[in-house]
Amino acid sequence: MARQTKEDAPAKAARRGTPKVSGSKASAKPATKPASSARRAKAPTKGARASTPTKTRRLSPDARRRQLLDDASRILTEEGLEKLQVSALAERAGVSRPLVYRAFPTRHALFRAILEDFTDAIDRRFHSALLHALPKGGIEAIAKAFIEASCDV
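Here the sequence shown stands for residues 8 to 160, numbered as in the numbering used here.
Spelled out as structure tokens, the structure:
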């Protein structure tokens, strides 16, 4: 292999994309690396605040579960069962997929929780409607009247 001469050094440095300083033993590497796109700071978008970010409160596990159930119910009613995916729910709720899986280990568990929530809501509404529609004394008065009527037979 031929020995490199001073005349060859600038051409070789140009091929590498680094300037060669004549007469010095400076490193061929640039002094600073350009920031990669992953590390580059993003400029604030139009309308974005330049002040300190606001703190967000973490929801309790029960409140997070409630939020996920509400969002899942909306997806189910607006878009259908086939669109009820964990990734879609996580995106709509603004959380990560692992957080959704922490609350509902499977899609089946999520769907079951939605159905249980729905039946509980109907049960509460039905019970409330019965209490308001029945005469004073409520269900107990009806049960007592039924028992008395049954005993008279």
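Cβ atoms here follow ideal geometry from the backbone N, Cα and C, with glycine treated the same way.
C-alpha distance - residue i paired with residue j, whole-angstrom precision
i, j, result
"L96", "L88", "12 Å"
"R65", "L75", "14 Å"
"L138", "F153", "17 Å"
"S67", "G101", "15 Å"
"F125", "I146", "24 Å"
"L106", "R81", "19 Å"
"A150", "I129", "22 Å"
"A156", "A136", "25 Å"
"R114", "V93", "7 Å"
"K143", "P112", "46 Å"
"A116", "E123", "10 Å"
Distance cut-off 6 Å: residue i Cβ against heavy atoms of the ligand ADP
i, result
"R64", "By its list of ligands, the structure shown contains no ligand whatsoever, and the ligand ADP lies outside what it can speak to."
Where the alpha helix (DSSP H) containing residue i begins and where it ends
i, result
"E98", "93-100"
"S80", "68-86"
"P105", "104-110"
Close beta carbons around residue i, own chain, < 7 Å, minus the five adjacent residues each side
i, result
"L83", "L91, I121"
"R72", "A110"
"R99", "D78, I82"
Cβ shell of residue i (< 8 Å), same chain only, five flanking positions each side left out
i, result
"S44", "The pLDDT assigned to S44 is 47, lower than 50, so where the model puts this residue is not dependable; a value taken from the coordinates is nonetheless given after this. Nothing meets the Cβ criterion."
"E85", "none"
Chain B within 7 Å of residue i, Cβ atoms only
i, result
"D127", "The structure shown has no chain B; it contains just one protein chain."
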